[in-house]
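Here the structure comes first, spelled out in structure tokens, and everything after it is commentary.
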Amino acid sequence: MELLCALYPAEDIDAAAELYRGLGFRDIARPDEDTILMSANDDGHVEVMLERHPLERKAGPGPVFKVADVAAFHAERPALTWLLPPREIATGHYAVFADPAGNPVRIVDFTRDSGRYARLFRR
2 MELLCALYPA EDIDAAAELY RGLGFRDIAR PDEDTILMSA NDDGHVEVML ERHPLERKAG
62 PGPVFKVADV AAFHAERPAL TWLLPPREIA TGHYAVFADP AGNPVRIVDF TRDSGRYARL
122 FRR
């Protein structure tokens, strides 16, 4: 697992983005109308992901980790409390499990990404 960024759910994504811009972050990409990727570092890698989605708001803020294969990770760890089983997304696959304290831990793979978004995250 490799830490990619922190995800913060935001119903008013534009207001949340304005706050982060005021703190020195800048927009890196907007993959869709419900997602803003932001960075405050010089290399431009994503550090904060703002997400306007009911499932993300329900899960709450937390880390996003890259794994080689989300489906395999899920299959190898059936004892974890899965909040969202693996599903396809534009760039690969995505799932969410809860840590022992109930915090969401998001995992993603970039198996379907052309390189457009994977390159925005630290490797």
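The opening residue of the sequence shown carries number 2 in the numbering used here; numbering runs sequentially from there. Glycine is no exception: its CB is placed at the ideal position from the N, C-alpha and C atoms.
Using the rule of at least 16 other Cβ atoms within 10 Å of the residue's Cβ for burial, across every protein chain shown, is Pro101 buried or exposed?
It is exposed - the Cβ of Pro101 has fewer than 16 other Cβ atoms within 10 Å.
Would you mind reading off the limits of the alpha helix (DSSP H) that contains Val71?
Looking at the DSSP string, the run of the alpha helix (DSSP H) that includes Val71 is 71-77.
Report the three-state DSSP secondary structure of Glu19 (helix, strand or coil).
In this structure, Glu19 counts as helix in the three-state DSSP scheme.
Pair within 8 angstroms by beta-carbon distance, Val68 and Cys6:
No, the Cβ-Cβ distance between Val68 and Cys6 is not below 8 angstroms.
From Tyr118 to Arg27, what distance separates their C-alpha atoms?
Tyr118 and Arg27 have their C-alpha atoms roughly 16 angstroms apart.
Just the C-alpha distance for Glu89 and Gly63, rounded to the nearest angstrom, thanks.
Between the C-alpha atoms of Glu89 and Gly63 there is a straight-line separation of about 20 angstroms.
Which whole-angstrom value is the C-beta distance of Phe74 and Gly93, which I expect to be below 8 angstroms?
A Cβ-Cβ separation of about 12 angstroms leaves Phe74 out of contact with Gly93 under the 8 angstroms criterion.
Would you be able to state if there are at least three C-beta pairs under 8 angstroms between the region 6-20 and the region 48-58?
Yes: at least three Cβ pairs fall under 8 angstroms.
Between the alpha carbons of Asp44 and Phe122, how many angstroms are there, rounded?
Approximately 10 angstroms, taken between the alpha carbons.
Using the beta-carbon count (16 or more within 10 Å), is Pro105 buried or exposed?
Pro105 is buried by the Cβ-count criterion.
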